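Going down the list, the sequences are from chains Y and G. Okay, so the first sequence: first residue is 1 according to the UniProt record's numbering, each after it adds one. Okay, so the second sequence: first residue is 1 according to the UniProt record's numbering, each after it adds one.
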Amino acid sequence: MERMQQVVGRARAAFNSGRCRSLEFRMQQLKALERMVQEKEKEILAALKADLHKSRFKAYGQEILIFLMELTLAMDNLLSWMAPQLVQRSVLTMRDKTYTCPEPLGVVLIIGTWNYPFAIVMQPLVGAIAAGNAVVVKPSEVSENTARLVAEILPQYLDPELYPVVTGGVPETTALLAQRFDHILYTGNSAVGKIVMAAAAKHLTPVTLELGGKSPCYIDKDCDLAVACRRITWGKYMNCGQTCIAPDYILCDPSIQSKVVENIKATLQEFYGEDVKSSPDYERIINKRHFKRIQSLLEGQKIAHGGEVDEASCFIAPTILTDVSPESKVMEEEIFGPVLPILTMKSVDEAIEFINSREKPLVLYVFSNNKKLIRRVIAETSSGSVVANDTLMHFLLLGLPFGGVGNSGMGAYHGKHSFETFSYHRAYLIKDLKMEFVNNFRYPPQTQRKVDL
Amino acid sequence: NPYEGLVSHLRATWLSGRTRPLEYRVAQLEALGRFLDEKKQDILEATALDMGKPSFEAFFTEILLCKNELNNTLNNLSHWMKDEPVDKNLVTKLDSAFIRKDPYGVVLIIAPWNYPIHLFLVPLIGAIAAGNCVVIKPSEISKNSERLVAEMLSCYLDNDCFAVVTAGVQETTRLLENKFDYIFFTGVPSVGRIIMTAAAKHLTPVTLELGGKNPCYVSDTCQVQNVARRVAWGRFFNAGQTCIAPDYVLCTLEMQEKLLPALREAITEFYGPDPQKSPDFGRIVGDKQFQRVRALLGSGRVAIGGQTDEKERYIAPTVLADVLPSDPAMQEEIFGPILPIVVVANMDEAIDFINARPRPLAIYAFSCDSKVVNQVLERTSSGGFCGNDTLMHVTLTSLPFGGIGNSGLGRYHGKFTFETFSHHRGCLHRNMGLEALNTPRYPPYSQQKLGLMMATFEVKRRGICTLL
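Here it is, written out as C-alpha cells:
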C-alpha cells in the first residue's frame, strides 16, 4: 500500500511540475515509444511467444502493428488535437472570446489484461501521453513474461517518474485502486469492472471499462457462405479464441447449419493444415485454469468438428458445436476459447429477439447480401460496435470509437478517441471590464420593462 | 422493489422502438415547450414559494434558458442524429464506416432544488433528443416545484416513456437498486459518490454535476465598480444558491479596502437600503440549510450585511472581510448569500491557494490586464473559466458545462447533452466481394504476407512524400 502511495505520489508531483504538458515533451515521449518498439522488437515477440504461443508474424500483426499505427496517428495530429476550439457566441457575448481547450486530466491508470498483453496497455498509453497526463501502467500478471518485459523496457525509454509500471496480482491492484486517479482505463471482465468502478466512485474518478460478453454472429440465408465462413473462422480462432471481439456464437437458419459447418471445416484446413497441433500459426490457451474452464463447456454438446484437447500443452482444437441449446453452459458465459456454438433461429426476428433478451455485447456481427436486413438488425439492437460482413476489422479503423455499452463496458478509445478519453475540455469565456452598460439589463431592481427585454 | 414495475414498463416501451424516430422525439420536445409556455406562471409561483426566487431570476433561468436549449435542440436534432463517417484505411476504402448515435435505453435524471425546473429539464431535453425513455426524480426539498412537475409534466409527455418519481432519501436508494442505462445526477459530491457506487453495481455510466468552492481572483488593476457589480450579481443571485456562484474572493489587502465600498454600493443599487424588502432578493430554501449558512457568519468580520431573519429564512447580502483559510466559511461550499474575502499577497499566492484545493466547477479572474487573466487561466484547472464576469459562461449552449475531479464528471448543455445520452456505436459495413484483398491476413503466415499486411495497414508519417 505504501509502495503504491509513493509511486502514485511521485507521478502526481511530476505531473504538477508541468513538464508533461508541452507539445514538445509529449512528442518526445511518443517518439521514444516508437524507438522502443523498433529496438526491442525481438524481446517483445519472444515474451508474447512465451506467454501465448504466438508466432512471430501473429504477434507482430496483432500487437505491434496496431501500436505503430496509433503512434503515427498521434504524432501526425497532436498539434491539431491540442488546439483550442472557438465556439459560437450569443448576442450577449458577441464581443467576447468563447472557446474550449483540451486539458490533461492528471494522473491516469491503465490496467491491462493478458490476451493481447502488449497492445492492450500500449495502445491506450499513446492517447494518455498525447493528452498530457502522467500514467501508471499495470500490465496483467497472467501474461507474466510480457508484464516483466514492459516493467523493464518502459523506464528505459520514457520518463520513469511520469510513467511508472506497476506489476503484481490482485493484492497489488487492490492497493493501487485505493489511490486517487483522475481517470482509470480497465480492460477485463464485467465482474472486476464493477469492482474497479466502485473503487473509482470513492474518488469520483471517471472510468473507461473495456469489458466483454458474448458477441453474437448472425448469418443470413442470403449471403456468400464460403466468404462469410472464412471471415468468421479467422475472427473466431485467432489467438485461440481469446479475443474480446471474437464472434462468440453463431445464429443461423437450420437449413444452412450443415453448410456453415462444412465451410468452416474447409477454412480451418486451409489455415492450419491437417494437423492443427503442429501448425506454427495456432496458439494455446493461456493457462490450466482457463483450459479446464473451456473444456467443461464441451460436456454434453454435439461436437460437429474438433474437440481434441491436450492438457499438458493447453491445446484445444478448433471446435464447432451444433444445435446448441440457449440454456446450456456454453451459452452462459463468454467462451474466450476456440469453441464455436451454432444456435438455429427460424427468422431474423427470432434472432433479434434472442440478441435483445441478453446483455448488450461488445460487438455484433451480421452477414448478409441484403442491405435492408443489415440496416434492420443494426437499428433494432444495441451493442458496443457492429460489423457487417466481416469480423474484427473495426478494431483496425482508428477513427471508430472502440468500446462497449451496458455489460460490455462504458467509454471508448482508439485514435483520437483515446486523446478525448484522457482529456477534458475546459470551457472559457473571456470578457473585458468595459461596456458595463450592456450588463445593466440583468441587474436588479427588475422592472417589467427589463423582463420584456 | 417498489419501482421495478415502472422501470420494466419503460424498458418494454423502449424495446418496442417507439422513441427512435425523429418525429416522435420532436413531438415530445415540442410538448415540453408547451409545458414551459402554459405553466410559466405556475413555475414562477412554485419557485417563489420554495425559495423566494425573484420572478426575473425565475423567468431567466427556469424559462428563458430552458427555451434556448429546447430551440437549439429542435433546430439541430436531425443533424445531430446523422451517422458520422470516419476516415478509412486502404483495405476498407470501399466499405462504409461510421459512428451511429444510439440511445442508451432507460435513463434516470436526479435533479436538485436550487434551479428545480432548469436542472431536470435541460438534461431531459438531451435525453429525449437522444431517443431514450426517462425517469425524472425532482428534489423533494423544493416541495412546490416537485409537486408541479409530478402533477403537470405527465399531461404533456408520453407516459409510457417518461415518468416522474417523487422520492426522499430512502426511496431514492430503492430507486437506485434498479438497472438504468444512464444516470445523470446534479447535487453535492458526497451524494455523487453514493450514486456512482450504486451505478457500479449495474455498470451504469454516469454524469455527475457536482460543486465545490469557486474562487474569484480580483487583481489590483481593475475597474473596481464594474468588478463589484459583476461579482455581487453572481454571488447574490438566487440568494447565493448557485453551483457556479463565486464562492470566495482572493485579493490583496489594498484591493479589499477598495472592493468593500464598491460592493456596498452595488448591493444598495441592486436591492435598496433594506434588501429584506426587495422583491429581487431570494430566501434560503429550508430551515436546515438556513441554519447551516447562518453558522458560516462567524468567519472573519462582517463588513456588509450579516442580518438574518429565521422566520423568513432571510440572510442579508453579506460580505465578510479578513477571512482566514481556517474559518468556517472556507471549509465547505457556502451556497448562500455570503461572500468571504481572503487576503493574499499577490497573484502567485492566489494561484497557489487555488491549486492547493480540490478543482472547482468554475474559476473567476478579474483584471484589466489580460496577461493576469491568462496567467490564472493557464496555471489552474477547473470545469469552466470566466474572465471578468461571473456565471455567464453557462448561458452559452455552445460551451460544455461540467466539472473535474471533485466538482464532477461528464458535461452537458447544447449538443453535449445529446452526446451525453447517446452511445457512440462504431459501425463497419464491409463488402462481401473482393475477398482476394483479405488474403494477407489469413494463415498460414509468411514473411511475404507480413510485408503485404504492413503495406496495406500502415499509416505513413506525413511530410515524407514532400521531401521526396
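C-beta: ideal position from N, C-alpha, C; glycine also. Everything numeric in this text was worked out from a predicted model, so none of it was measured.
DSSP lists Y:Ile-430 as the beta-bridge partner residues of Lys-97 of chain Y. Across the stretch 420-435 of chain G, CB contacts with chain Y closer than 9 Å involve His-423, His-424, Arg-425, Gly-426, Cys-427, Leu-428, His-429, Arg-430, Asn-431, Met-432, Gly-433 and Glu-435, in sequence order along the chain.
Counting along the chain, no beta strand (DSSP E) covers Tyr-272 of chain Y; the unbroken alpha helix (DSSP H) around it starts and ends at 257-272. Beyond the five residues adjoining it in sequence on each side, Gly-286 of chain G comes within less than 7 Å, by CB distance, of Ile-141 in the same chain, given in chain order. DSSP places Asp-369 of chain G outside both helix and strand once states are collapsed to three, so it counts as coil. Here Asn-75 of chain G is exposed, its C-beta having fewer than 16 other C-beta atoms within 10 Å. A direct Cα-Cα distance of roughly 57 Å separates Glu-30 of chain G from Glu-2 of chain Y.
In the DSSP assignment, Pro-124 of chain Y falls within the unbroken alpha helix (DSSP H) covering 119-130. Within chain G, the C-beta atoms nearer than 9 Å to that of Ile-374 of chain Y come from His-429, in chain order. Pairing Ile-184 of chain Y with Pro-206 of chain Y gives a Cβ-Cβ distance under 9 Å. The stretch 107-115 of chain G makes no contact with the stretch 380-388 of chain Y; the number of CB pairs closer than 8 Å stays below 3.
With a cutoff of 9 Å on beta-carbon distance, Ala-74 of chain Y and Leu-30 of chain Y are scored as near each other. With respect to chain G, the C-beta atom of Phe-315 of chain Y has no partner C-beta closer than 9 Å.
Cβ-Cβ distances below 8 Å link Lys-39 of chain G to Leu-148 and Met-152 in the same chain, with the five nearest sequence neighbours on each side left out; the list follows chain order. Residue pairing by DSSP places Asp-310 of chain Y opposite Y:Phe-315 in a beta bridge. Neighbourhood of Trp-81 of chain Y in chain G, by CB distance below 7 Å: empty, with the nearest CB roughly 14 Å away. Spatial neighbours of Arg-235 of chain G in its own chain (CB-CB distance under 6 Å, excluding positions within 5 residues in sequence) are listed in chain order as Ala-245, Pro-246 and Leu-339.
Of the candidates G:Thr-73, G:Val-7, G:Asp-327 and G:His-393, the residue whose Cα lies closest to the Cα of Phe-180 of chain G is G:Val-7. If you check the CB distance, Leu-33 of chain Y and Leu-158 of chain Y come in under 9 Å. Counting only the Cα atoms, Met-94 of chain Y lies some 30 Å from Arg-264 of chain G.
Bounds of any beta strand (DSSP E) do not take in Ser-80 of chain Y; it lies within the alpha helix (DSSP H) bounded by 65-82. Boundaries for Tyr-218 of chain Y: no alpha helix (DSSP H) harbours it, while the beta strand (DSSP E) harbouring it runs 216-219, taken from the DSSP string. Taking a Cβ-Cβ threshold of 9 Å, none of the residues of chain G is close to Gln-242 of chain Y; the smallest such distance is about 16 Å.
Contact with chain G is absent for His-290 of chain Y, since none of that chain's Cβ atoms lies less than 9 Å from the residue's Cβ. For the set G:Met-453, G:Asn-438 and G:Lys-415, the Cα lying nearest the Cα of Val-87 of chain Y is the one of G:Lys-415. Not a single CB atom of chain G sits nearer than 9 Å to the CB of Arg-284 of chain Y.
In its chain, beyond the 5 residues on either side, Ile-153 have a beta carbon closer than 7 Å to the beta carbon of Lys-40 of chain Y. Across the structure, Ala-50 of chain Y and Ala-317 of chain Y are spaced so that their CA atoms are roughly 20 Å apart.
In the structure shown, the three-state DSSP call for Ser-96 of chain G is strand. Judged by DSSP secondary structure, Glu-146 of chain G falls within the alpha helix (DSSP H) whose first and last residues are 143-152. For Arg-35 of chain Y, same chain residues with a beta-carbon under 8 Å away, outside a window of 5 residues either side, are Tyr-157 in chain order. Note that the C-beta distance between Val-319 of chain G and Ile-341 of chain G is below 9 Å. Taken through DSSP and simplified to helix, strand or coil, Pro-104 of chain Y comes out as strand. Here the C-alpha atom of Thr-172 of chain G lies approximately 10 Å from the C-alpha atom of Asn-178 of chain G. Where Phe-185 of chain G is concerned, the enclosing beta strand (DSSP E) starts and stops at 182-186.
Secondary structure at Gln-28 of chain Y: helix, using DSSP grouped into helix, strand and coil.
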